Amino acid sequence: MKYKIAHIDESDQAINQFYHNFKSDFDIVKIKVDSDSEVHSLIEKALEKEVDAVVVDYLLIEEGEVNFNGNVLFDEFKKIRPHIPIIMLTSHEPEAIDHMKNVHIIYSKDLMDGESNVELDLLKAKIKISISNYYKLIDDTRLRIEALVYKRNVENGLSLLEEEDLAKSFVVMDELEPQAKGLPSHLTHPHEITKLTDFVSQTRQILEELKKANNK
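Numbering follows this note's numbering, with no gaps: position 90 of the sequence shown is 1041.
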């Protein structure tokens, strides 16, 4: 089964070119930016398609008639799904680099011209590995939670370090799977989800206080 990628761009030509180059390796969800587009609506379009990664253009204002560029879309996406792989593909690398903290996700659209199949194949491989690592993090976090919950409930309880590990793992899982699809089955009932949401919120506050205390 192919991984599914959302491709967000304001140019029909760029969207078609990307589709032509990537359709053999991925299922592509085309998302066109136009004057009616808003940041959160674009994110919702991608998430409702349950994509595995996102590729976004930088200079969306060029033809899209919007007041934001791909760096804003990237930042807002990461607030909702901090760990989902996102790639920026642009014809304006220097400008994109000036507006991005993580410059390693920026790639040139020149890869689409067909002159360097090696570099294009390398980008495809990087995307696939990033997605694979993303799902490995989900699996590893779920297994860690299951092991710690079992030890807490069935064995001799948890040490303070293990309790902190469990709390952090819940926070990561909440970021990875907001609907709790990756949690142990006995924690996915509605009343448990409510308790878990409260627990995650409290845990975030505690971890922030610990971080502040350690920085003093």
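Virtual Cβ for every residue (Gly too), placed ideally from N, Cα, C.
This one's a predicted model, so the numbers in the text were calculated from it and none came from an experiment.
Burial state of residue i, where buried means 16 or more other Cβ atoms lie within 10 Å
i: N972; result: buried
i: F969; result: buried
i: G1065; result: exposed
i: H958; result: buried
i: Q964; result: exposed
i: V1069; result: exposed
i: L1112; result: exposed
i: Y1086; result: exposed
i: G1133; result: Reliability of the predicted coordinates at G1133 is poor, the pLDDT of 46 falling under 50, and no value is obtained from them.
i: N1107; result: exposed
i: S1110; result: exposed
i: N967; result: exposed
i: N1020; result: buried
C-beta contact flag for residue i and residue j at 7 Å
i: D976; j: K1075; result: yes
i: V1002; j: K955; result: yes
i: A1004; j: I1089; result: no
i: P1033; j: S1081; result: no
i: L1040; j: K1060; result: yes
i: K996; j: I1012; result: no
Residues that DSSP places opposite residue i in a beta bridge
i: I1038; result: V1006
i: F1025; result: The partner list for F1025 (beta bridge, DSSP) is empty, contrary to what the question assumes.
i: H958; result: K981 and V1006
i: Y1101; result: DSSP lists no partner for Y1101.
i: S1059; result: T1041
CA nearest to the CA of residue i, picked from the options
i: S962; options: K974, Y1086 and S986; result: S986
i: E1016; options: S1081, K974 and V984; result: V984
i: N1084; options: L1010, S1067, L1127 and F1028; result: L1127
i: K1000; options: I979, K1119 and H1043; result: I979
i: E1046; options: N1018, Y1009 and E1014; result: Y1009
i: I1057; options: L1071, D1049, M1063 and I1038; result: I1038
i: V1006; options: S1067, K1119 and F1028; result: F1028
Contact the region 1088-1103 vs the region 1046-1062: 3+ CB pairs below 8 Å: no
Touching by the beta-carbon criterion (3+ pairs, under 8 Å), the region 1020-1036 and the region 1096-1110: no
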